[in-house]
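Enquirer:
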Amino acid sequence: MTLRERAASSTQRELASIDQDDSKRSAILSEDPRLSVLFELAGIFATRQDLDTMLARSLSSLVETLDAAQAGVLLLHDPADERLTVRAAHGYSLSGLQSIRLAIGEATCGKTFQTGAPQLYPTPRALAESRRSLTPDNARAFREAIIGDQSPQSAVCMPLFTGESKVGVLMLENLEEPDSFVRTDLPFLQAVVDLVALAVQNARLRRKLQETRALDEANRLKGELLSILAHEMRTPLTSIKGYSTALLLQEASFDPEAQREFLEIIDEECDTLESLVHDLLESSIIDAGLLKLEPQPIMLPKLSEETIDEIAHRTEDHRFMIDFPEHFPIVDADPDRIRQVLRNLLDNAVKYSPDGGLVITRGEHNDDEIVVSVADQGVGISPEHLNRLFDKFFRVDSGRGHHVVGSGLGLPISRTIVEAHGGRIWAESEVGQGSTFHFTLPLDGISRGVSDSQNE
Ligand code: ADP
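Following the numbering used here from start to finish, the sequence shown increments by one per residue and tops out at 766.
Structure representation (structure tokens):
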């Protein structure tokens, strides 16, 4: 036999022994359903799905494998209000049980949680006795959530512990006969709930870890933002300082035209600084959840025209066009906030078309929504940057080209405002061919009136 043949035959032997191991394991598992539950639970927890999916799959696996169990619920303790809530159910409609907030000591599960000891309920009478302490609302929710018409004849409740602390309760029910669960079942059930409790603890630790990572990332971004803003602010400040120092120089004298030009530059740079500070303040207001909308019927053609006039007087290189159909719907929206979105889009259209060009503001509508778009003939945006534009602080690196001062906050703020109105915002662009930004606002309720853009 050659070396290669010998190696092949040894691999075949190993594969055959693995197959044998697998079939031996299947035989053992099918003989002992309890072992098969433990194997299945270990498999479920190894997949690291979200906690509710893991709990639902664990409960189903238990009920389907254990002869005595035909229905059940799994409740977890919510330390915020010291109540137990149902997180998984079998034989009950989970949505029907979601209103339940069980007090510690209330009925079967509440009592098991309180005592921290397993409880057997061998007869319908024992169950009814214990359920007498249910509040009327909780009792109704349990009754109405039962799937089918059989009520439990016997049950067992097991507390879930992680270390010293209790995290929840598992209740299994038999719908056919009394005395289905016996004391000798308890050690096995304890092993099961210990596994479930471990999975709960792991899922909670994983969530905490994610929160800590998100916090670290937010802190890192904040630090980055500070250095970006400091850099962005330095550009206009340097210019303001330079021109004002020049104007104050006693030994230099400038003709009135030059003086006016210096003052205009200082004025513009102050506007740039003001807009940076404004974006920053707005962003922190939104982060603090303080964005409040005061909707009222607004006429977008008019609002757009006013905003364009405001922007147009700041630039001589750009031309503006407005195109709204004659009977444009009146929209229910916050006029100041929508003006802010328009101002930001128009401002960007000007900032990012350094060679000038045409900026077109267009309005369209269908039965459900209006769409406003602002199109420019500027530098455009590459496809890989398009879907990041609305991320906080994202700015396309202009490389060694003309640097445009900005915070990278205007578009995220606009998105928050548009989405708070129930609308969407997006961009279409091609590098060197200009960009078009669109946003929608829903039409509902009183918004279905129409404005005559010709008569405004
Ligand atoms: P800012 O303009 O202050 O940087 P924004 O959030 O308004 O912040 O815009 C984010 C980035 O999107 C800009 O830095 C720019 O790179 C890009 N951008 C926005 N509008 C346009 C546009 N009309 N044309 C080209 N690029 C744009």
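Where is the CB? At the ideal position from N, CA and C, for every residue including glycine.
None of these values were measured; they are calculated from a predicted model.
On a Cα-Cα basis, can you pick out the residue from 411, 489, 733 that is closest to residue 390?
Expert: As a first step, residue 390 is located in the sequence shown; it is residue number 80 there, counting from the start. The residue with the shortest Cα to Cα distance from residue 390 is 411.
Enquirer: Going by other Cβ atoms of all chains shown within 10 Å of its Cβ, with 16 needed for buried, is residue 744 buried or exposed?
Expert: Residue mapping note: residue 744 aligns to position 434 of the sequence shown, counting from 1. When all chains shown are included, residue 744 counts as buried.
Enquirer: Who are the Cβ neighbours of residue 675 in its own chain at under 8 Å, not counting the five residues just before and after it?
Expert: As a first step, residue 675 is located in the sequence shown; it is residue number 365 there, counting from the start. Short of 8 Å from the beta carbon of residue 675, and not among the five residues preceding or following it, lie these beta carbons of its own chain, in chain order: 635, 638, 639, 681, 753.
Enquirer: Is residue 628 helix, strand or coil by DSSP?
Expert: In the sequence shown, counting from the first residue as 1, residue 628 sits at position 318. DSSP places residue 628 in strand when its eight states are reduced to three.
Enquirer: On the CB-based measure, 16 or more other CB atoms within 10 Å of its CB, does residue 399 come out buried or exposed?
Expert: For the purposes of this step, residue 399 is taken as the residue at position 89 of the sequence shown. Residue 399 should be labelled buried.
Enquirer: Taking the continuous beta strand (DSSP E) assigned at residue 469, which residues delimit it?
Expert: Here the question's residue 469 lines up with position 159 in the sequence shown. It spans 464–472 - the beta strand (DSSP E) in which residue 469 sits, taken as one unbroken run.
Enquirer: For the alpha helix (DSSP H) containing residue 565, list its first residue and its last residue.
Expert: Within the sequence shown, residue 565 is the residue found at index 255, counting from 1. Counted as a single uninterrupted DSSP element, the stretch harbouring residue 565 is not any alpha helix (DSSP H), since DSSP gives it neither H nor E.
Enquirer: Assuming residue 691 and residue 669 make a contact with CB atoms under 8 Å, what is their CB distance in whole Å?
Expert: The residue labelled residue 691 in the question sits at position 381 within the sequence shown. The residue labelled residue 669 in the question sits at position 359 within the sequence shown. With a Cβ gap of about 16 Å, residue 691 and residue 669 do not count as contacting.
Enquirer: Can you list, in chain order, the residues of its chain whose CB lies under 7 Å from that of residue 387, leaving out five sequence neighbours each side?
Expert: Your numbering for residue 387 matches position 77 in the sequence shown. The residues are 394, 423, 476, 477, 478.
Enquirer: Could you say if the region 445–455 and the region 464–475 meet the contact criterion of at least three C-beta pairs nearer than 8 Å?
Expert: Flag = no, the region 445–455 and the region 464–475 do not touch.
Enquirer: Considering only DSSP beta bridges, list what residue 752 is partnered with.
Expert: Taking the sequence shown and counting its residues from 1, the one referred to as residue 752 is at position 442. Answer by DSSP bridge pairing, in chain order: 679.
Enquirer: Below 7 Å, is the gap between the Cβ of residue 691 and the nearest heavy atom of the ligand ADP?
Expert: Translated into positions along the sequence shown, residue 691 becomes position 381. Residue 691 Cβ: within cutoff of the ligand ADP.
Enquirer: Could you tell me which of 556, 644, 396, 467 sits nearest to residue 568, measuring between CA atoms?
Expert: As a first step, residue 568 must be located in the sequence shown, where it is residue number 258. Measuring from the Cα of residue 568, the nearest candidate turns out to be 556.
Enquirer: Would you tell me roughly how many angstroms separate the C-alpha atoms of residue 592 and residue 376, rounded to the nearest one?
Expert: In the sequence shown, counting from the first residue as 1, residue 592 sits at position 282. In the sequence shown, counting from the first residue as 1, residue 376 sits at position 66. Computed Cα separation, rounded: 58 Å.
Enquirer: For residue 653, which residues of its own chain have a beta-carbon under 8 Å away from its beta-carbon, when the five flanking residues on both sides are left out?
Expert: For the purposes of this step, residue 653 is taken as residue 343 along the sequence shown, with counting starting at 1. Taken in chain order, the residues that qualify are 617, 620, 621.
Enquirer: Measure the alpha-carbon distance for residue 646 versus residue 724 and round it to whole angstroms.
Expert: On the sequence shown, residue 646 is found 336 positions in, with the first residue counted as 1. On the sequence shown, residue 724 is found 414 positions in, with the first residue counted as 1. Taking the straight line from one Cα to the other gives about 12 Å.
Enquirer: Residue 431 bridges to which residues according to DSSP?
Expert: In the sequence shown, residue 431 corresponds to position 121, counting from 1. Answer by DSSP bridge pairing, in chain order: 465.
Enquirer: My assumption, with CB atoms under 8 Å, is that residue 666 sits in contact with residue 627. Please give the rounded CB distance.
Expert: The sequence position of residue 666 within the sequence shown is 356, counting from 1. The sequence position of residue 627 within the sequence shown is 317, counting from 1. Right, the Cβ-Cβ distance comes to about 3 Å (below 8 Å), so this counts as a contact.
Enquirer: To which residues does DSSP link residue 482 through a beta bridge?
Expert: For this step, residue 482 is matched to residue 172 along the sequence shown. Partner(s): 382, 466.
Enquirer: Buried or exposed, going by whether 16 or more other CB atoms sit within 10 Å of the CB of residue 532?
Expert: Your numbering for residue 532 matches position 222 in the sequence shown. Exposed, by the Cβ-count rule.
Enquirer: Could you tell me which of 520, 613, 534, 721 sits nearest to residue 696, measuring between CA atoms?
Expert: Locating residue 696 in the sequence shown gives position 386, where the first residue counts as 1. Nearest of 520, 613, 534, 721 to residue 696, Cα basis: 721.
Enquirer: Run the proximity test for residue 512: is its beta-carbon closer than 7 Å to any non-hydrogen atom belonging to the ligand ADP?
Expert: As a first step, residue 512 must be located in the sequence shown, where it is residue number 202. No, the beta carbon of residue 512 sits no closer than 7 Å to any heavy atom of the ligand ADP.
Enquirer: Report yes or no: do the region 361–377 and the region 344–353 share at least 3 C-beta pairs separated by less than 8 Å?
Expert: yes
Enquirer: In chain order, what residues of the same chain lie with their CB nearer than 8 Å to the CB of residue 726, ignoring the 5 residues before and after it?
Expert: Start at 1 with the first residue of the sequence shown, and residue 726 comes out as number 416. Closer than 8 Å at the Cβ level, and outside the excluded window around residue 726, lie 596, 601.
Enquirer: Once DSSP output is grouped into helix, strand and coil, what is the label at residue 402?
Expert: Here residue 402 is taken as the residue at index 92 of the sequence shown, counted from 1. Looking at residue 402 - three-state DSSP - the assignment turns out to be strand.
Enquirer: Measure how close the beta-carbons of residue 430 and residue 466 come, nearest whole angstrom, since I'm counting them as under 8 Å.
Expert: Within the sequence shown, residue 430 is the residue found at index 120, counting from 1. Within the sequence shown, residue 466 is the residue found at index 156, counting from 1. Rounded, the Cβ-Cβ distance is 5 Å, consistent with contact.
Enquirer: By the three-class DSSP mapping on this structure, what secondary structure does residue 397 have?
Expert: Residue numbering aside, residue 397 sits at position 87 when the sequence shown is read from its first letter. Reduced to three states, the DSSP call for residue 397 is strand.
Enquirer: Would the C-beta of residue 717 count as close to the ligand ADP, meaning under 7 Å from any of its heavy atoms?
Expert: Start at 1 with the first residue of the sequence shown, and residue 717 comes out as number 407. True, at least one ligand heavy atom lies under 7 Å from that Cβ.
Enquirer: Taking 7 Å as the cut-off, is the C-beta of residue 343 nearer than that to any heavy atom in the ligand ADP?
Expert: Here residue 343 refers to the residue found at position 33 when the sequence shown is read from its first residue. It does not: the Cβ of residue 343 is nowhere closer than 7 Å to a heavy atom of the ligand ADP.
Enquirer: Would you check whether the ligand ADP has a heavy atom nearer than 7 Å to the C-beta of residue 448?
Expert: Translated into the one-based positions of the sequence shown, residue 448 becomes position 138. Answer for residue 448: no, Cβ out of range of the ligand ADP.
Enquirer: Between which residues of its own chain and residue 457 is the CB-CB distance below 7 Å, once the five residues before and five after are set aside?
Expert: Here residue 457 refers to the residue found at position 147 when the sequence shown is read from its first residue. Hits under 7 Å: 401, 402, 403.
Enquirer: Does residue 613 pass the burial test, meaning 16 or more other C-beta atoms within 10 Å, or should it be called exposed?
Expert: The residue given as residue 613 occupies position 303 in the sequence shown. Residue 613 comes out buried.
Enquirer: Of the residues 342, 421, 426, 461, which one's Cα is nearest the Cα of residue 444?
Expert: In the sequence shown, counting from the first residue as 1, residue 444 sits at position 134. With distances taken between Cα atoms, residue 444 lies closest to 421.
Enquirer: Could you give the distance in angstroms between the alpha-carbon of residue 396 and the alpha-carbon of residue 610?
Expert: Here residue 396 refers to the residue found at position 86 when the sequence shown is read from its first residue. Here residue 610 refers to the residue found at position 300 when the sequence shown is read from its first residue. Cα-Cα distance, rounded: 49 Å.
Enquirer: With a CB to CB cut of under 8 Å and the five nearest residues on each side skipped, what residues in its chain are close to residue 489?
Expert: Here residue 489 refers to the residue found at position 179 of the sequence shown. Excluding residues within five positions, the ones whose Cβ falls inside 8 Å are 432, 433, 464.
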